[in-house]
Amino acid sequence: AVDWERAIAGRLVGYRLIESVSLVGLHLMIWMRRDTETLKRWPLRHLGRTAVKTGLRGRHGNKGAVAWRCLLGNTAMCIVNCHLAAGQENWAARNSDLATISRSISFPWIAGRETCYRSMDDHDLVILFGDLNYRIELPRDRIVSHLRENDLETLLERDQLAMNITRCPLLASLKESPITFNPTYKY
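As structure tokens, then:
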């Protein structure tokens, strides 16, 4: 992780590393412009970071999430990088991983004399990304055929992520930008 931070810092001129958090192969780095005007306009407060293991029933960090939070001006932000269960048929395990991550993320911060905790739900803006591992519910040969025909619409209809929005409360609360590109996994 430190090697990545050094490599990026050497090329990302005018930015500074605010925070980083790791869990096995997951790494999240938060960079901010160095100029003082940016820092005056957008003061960062109540910073926090955490990691949640979901691999092997929460004992291993091969799957899970790393998260960072802050108060940016008056906006509470939470950024979450996930690596969910793999496998074509494991959509229920991915939904379970997301539920565990959502339930387990907790950021302590001091308010007066008390330690308070903030969950994912306590933020105005949540950015969730990573290797979510949702697949397309079609045989590989049909997926390739739809790709050759530029039939993205049919593929999106069989997208496990979209199909699980009603099954997974966390997914239902998020908004995904329109997908205008071909699948990126093994195709």
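Okay, so the sequence shown: first residue is 648 according to my numbering, each after it adds one. Think of the CB as a built atom: it goes at the ideal place given N, C-alpha and C, for glycine as much as any other residue. On a predicted model such as this, the values are computed, not experimentally measured, just so you know.
- Distance between Thr701 and Arg750, taken at the CA atoms: about 12 Å.
- Going by C-alpha positions, Asp778 is about 13 Å away from Gln807.
- Here the stretch 782 to 798 does not lie against the stretch 714 to 732, with fewer than 3 beta-carbon pairs under 8 Å apart.
- The straight-line gap separating the alpha-carbon atoms of Glu796 and Leu691 is approximately 48 Å.
- According to the DSSP assignment, His730 belongs to the beta strand (DSSP E) that extends over Thr722 to His730.
- Using a 10 angstroms sphere on the CB of Ile752, the tally of other CB atoms reaches 16 or more, which defines it as buried.
- By the C-beta criterion, the stretch 736 to 747 is judged not to be in contact with the stretch 670 to 690, since fewer than 3 inter-stretch pairs fall below 8 Å.
- Within the model, the alpha-carbon separation for Cys729 versus Leu818 is close to 13 Å.
- Glu652 is a Cβ neighbour of Met676, given a cutoff of 8 Å.
- With a threshold of 16 other beta carbon atoms within 10 Å, Ala654 falls short and is exposed.
- Taking a C-beta distance under 8 Å as the contact criterion, Phe754 and Thr697 qualify as a contact pair.
- Apart from the 5 residues on each side of it in sequence, Leu772 sits with its Cβ closer than 8 Å to the Cβ of Thr722, Ala723, Met724 and Cys725 in its chain, given in chain order.
- Across the structure, His770 and Gly734 are spaced so that their CA atoms are roughly 31 Å apart.
- Leu802 is a Cβ neighbour of Pro830, given a cutoff of 8 Å.
- A distance below 8 Å between beta-carbons, with the five flanking residues on each side excluded, links Ala746 to the following residues of its chain, in chain order: Cys815, Pro816 and Leu817.
- Collapsing the DSSP output to three states places Glu666 in a strand.
- Close CB contacts of Tyr662 within its chain, under the 7 Å cut and outside five residues either way in sequence, are with Trp678, Met679, Arg680 and Arg681 (chain order).
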